[in-house]
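Per UniProt numbering, the very first residue in the sequence shown carries number 1; after that it's consecutive. We put the beta carbon where it would ideally sit given N, CA and C, even for glycine. All remarks here apply to the structure that follows.
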Amino acid sequence: MKRLLATTATLASIAACAGIALAPAASAVPPKNWHPCSDDFRDATDPQAWDGGRHQPIVSPWGNTGVFCAWDWIDGVGRVGWIDAFQADPSGRPHAMIQVPMSGDTTLWITNPL
Numbered sequence: 001m002k003r004l005l006a007t008t009a010t011l012a013s014i015a016a017c018a019g020i021a022l023a024p025a026a027s028a029v030p031p032k033n034w035h036p037c038s039d040d041f042r043d044a045t046d047p048q049a050w051d052g053g054r055h056q057p058i059v060s061p062w063g064n065t066g067v068f069c070a071w072d073w074i075d076g077v078g079r080v081g082w083i084d085a086f087q088a089d090p091s092g093r094p095h096a097m098i099q100v101p102m103s104g105d106t107t108l109w110i111t112n113p114l
């Protein structure tokens, strides 16, 4: 039991640090507008996730369903990329998604199941 609690505490600390390290810098951008974006993701085992197209790979116990993204906007340009994302589990609870930059424009997104 003590080992389980220690492991859980360690994982929670890592997730908290990752969230702080990956948080976007403060700017004059309006507050986040969350939009459904499940169609932009493919399971990391799907070759389409790695073809350099519009789909991004996701590692999640819930596949690519229930994903919501906040977009970065530049006046006169429009949507230029995601700044944050979360995934709702089957019961509707939100879970943070961690970004891992890969080659080119591909970013691996990992859902934190905790």
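Which of helix, strand or coil DSSP assigns to residue i
| i | result |
| --- | --- |
| residue 148 | Any answer about residue 148 is impossible in this case: the structure gives the chain only from 1 up to 114. |
| Trp50 | helix |
| Asp43 | strand |
Beta-carbon gap between residue i and residue j smaller than 8 Å
| i | j | result |
| --- | --- | --- |
| Met97 | Ile110 | yes |
Rounded straight-line distance, which links the Cα of residue j to that of residue i
| i | j | result |
| --- | --- | --- |
| Gly53 | Ser38 | 15 Å |
| Pro90 | Pro113 | 12 Å |
| Asp51 | Thr106 | 9 Å |
| Gln99 | Ser60 | 13 Å |
| Ala49 | Val67 | 15 Å |
Option in the options with minimal Cα separation from residue i
| i | options | result |
| --- | --- | --- |
| Asn64 | Asp105, Trp50, Gln99 and Ala44 | Ala44 |
| Trp62 | Cys69, Asn33 and Phe41 | Phe41 |
| His35 | His55, His95, Pro101 and Ala85 | Ala85 |
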